[in-house]
Amino acid sequence: MPELPEVEVVRRGLALGVAGRHIAAVTVSHPRTIRRHELGAADFVGRLAGRRIGSASRRGKYLWLTLEPNGDEGLMAHLGMSGQLLLVTPDTPTQPHLRARFTFTDAGLELRFVDQRTFGGLALVPLTADGAGGAIPLPVAHIARDPLDPLYDPAQVTARMRRRRTGLKRALLDQTLVSGVGNIYADESLWRARLHGARPTETLTERELARLWAAVDQVLIEALDAGGTSFDALYVSTEGASGLFERELAVYGRAGEPCPRCGALIRRDAFMNRSSFTCPRCQPRPRRARG
DNA sequence: AATGAGGCCTGGTTGC
DNA sequence: TGCAACCAGGCCTCAT
Numbered sequence: 054m055p056e057l058p059e060v061e062v063v064r065r066g067l068a069l070g071v072a073g074r075h076i077a078a079v080t081v082s083h084p085r086t087i088r089r090h091e092l093g094a095a096d097f098v099g100r101l102a103g104r105r106i107g108s109a110s111r112r113g114k115y116l117w118l119t120l121e122p123n124g125d126e127g128l129m130a131h132l133g134m135s136g137q138l139l140l141v142t143p144d145t146p147t148q149p150h151l152r153a154r155f156t157f158t159d160a161g162l163e164l165r166f167v168d169q170r171t172f173g174g175l176a177l178v179p180l181t182a183d184g185a186g187g188a189i190p191l192p193v194a195h196i197a198r199d200p201l202d203p204l205y206d207p208a209q210v211t212a213r214m215r216r217r218r219t220g221l222k223r224a225l226l227d228q229t230l231v232s233g234v235g236n237i238y239a240d241e242s243l244w245r246a247r248l249h250g251a252r253p254t255e256t257l258t259e260r261e262l263a264r265l266w267a268a269v270d271q272v273l274i275e276a277l278d279a280g281g282t283s284f285d286a287l288y289v290s291t292e293g294a295s296g297l298f299e300r301e302l303a304v305y306g307r308a309g310e311p312c313p314r315c316g317a318l319i320r321r322d323a324f325m326n327r328s329s330f331t332c333p334r335c336q337p338r339p340r341r342a343r344g
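If you want the working numbering, it's the 1-based position in the first sequence plus 53.
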């Protein structure tokens, strides 16, 4: 599942593979893929042709390519659950779930958006000031900075978190509080910090939250170093490579296996129509639980 | 305003 | 064997 480390791997691939190149032509083969591009496929395709790509940026799980000459527009992408941005030779056979295709004037590798479950999408969007001298796509300007952002401020996130009246894991997954963390890295971070996701946010101490942010940083960086987590092979880099972090997962997807720290059996619980994995001994469920 | 539930999607897996 | 139900889950919309 693409969360922050996976998206960052893809961003790096795009920075190396498409920055500075001129788009020749674009084709869109599934309308849902550009559902966030309000003016439709013809507008999307027409406005991209001939544009030069500037840089590849990211916030949380969103990434975007700035478009020149003005740099005030961007091609925004979200991978959803199964989106892939692949750099392939033009003669590569059409993938079963190919949704969009970008060719370039230099006849080098082309860019393909492949997305089995179509939760992902592309849109051509205006960029707006991010309040710190940078730019951010207007539709995602409300997303919080992520832990790898130089301007990310854990003390501020701690303060906001303690004002919430919700459960810890729910808050950790809220992209307007801190972005980039999804179900896998939320569970891994909570396990490392020995916190249960059902802790009411207002009961968390500064010390506990400091422990959590340290764990989040660690998990994200280690996952990035491993090239991300390719839990069901739906996530790959621009070169088609799987990430290797799955083998490092302590709890996610490991129900019934021993906790790597204490040996108690990992449990799976339903949470928000999905799953949460915890160690019952390292992360006892609080008496006053929320979520 | 803040919080939470529901819906969108497809294909692999599971159970009958 | 065949079919239906289930599951993965990020994020948007809507209700409270």
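No residue lacks a Cβ here, since even glycine has one placed at the ideal position from N, Cα and C.
Under the three-state DSSP convention, the category residue i falls into
i                 : result
methionine 134    : coil
glutamate 121     : strand
valine 60         : helix
leucine 248       : coil
valine 304        : coil
alanine 77        : strand
glycine 66        : helix
threonine 86      : helix
phenylalanine 284 : coil
leucine 101       : helix
glycine 127       : strand
arginine 294      : In the sequence as presented, arginine is not what sits at residue 294; that position holds alanine. Three-state result, alanine 294: coil.
arginine 223      : helix
leucine 243       : helix
threonine 50      : As displayed, the chain neither begins before 54 nor continues past 344, which places residue 50 out of reach and without an answer.
Segment limits, beta strand (DSSP E) that includes residue i
i             : result
glycine 107   : 105 to 112
leucine 230   : Careful: leucine 230 lies outside any beta strand (DSSP E) and carries neither H nor E.
aspartate 159 : No beta strand (DSSP E) holds aspartate 159; DSSP gives it neither H nor E.
threonine 142 : First-last for threonine 142: undefined, no H or E at that position.
arginine 320  : 320 to 324
arginine 340  : It is not in any beta strand (DSSP E) - arginine 340 carries neither H nor E in the DSSP assignment.
arginine 327  : 327 to 331
Buried versus exposed, by CB contacts within 10 Å (16 or more), residue i
i              : result
glutamine 209  : exposed
aspartate 96   : exposed
isoleucine 274 : exposed
leucine 291    : In the sequence on display, residue 291 carries threonine and not leucine. Threonine 291 should be labelled buried.
arginine 198   : buried
methionine 214 : buried
glycine 66     : buried
threonine 331  : buried
glycine 250    : buried
glycine 99     : exposed
glycine 187    : exposed
asparagine 236 : buried
alanine 246    : buried
serine 110     : buried
alanine 360    : The structure shown does not extend to residue 360, since the chain spans only 54 to 344, so no value can be given for it.
arginine 216   : exposed
Whole-Å CB distance - residue i paired with residue j, under 8 Å assumed
i                 : j             : result
leucine 116       : alanine 130   : 5 Å
phenylalanine 298 : alanine 279   : 4 Å
tyrosine 288      : glutamate 59  : 5 Å
leucine 265       : serine 242    : 6 Å
threonine 86      : aspartate 168 : 7 Å
Bounding residues of the alpha helix (DSSP H) (the contiguous stretch that carries residue i)
i           : result
alanine 268 : 259 to 278
Scan the region 163 to 220 and note each continuous beta strand (DSSP E) run of 3 residues or more that stays entirely inside, going in chain order. Taken in chain order, the whole beta strand (DSSP E) runs of length 3 or more contained in the region 163 to 220 are 163 to 168, 174 to 182, 188 to 190.
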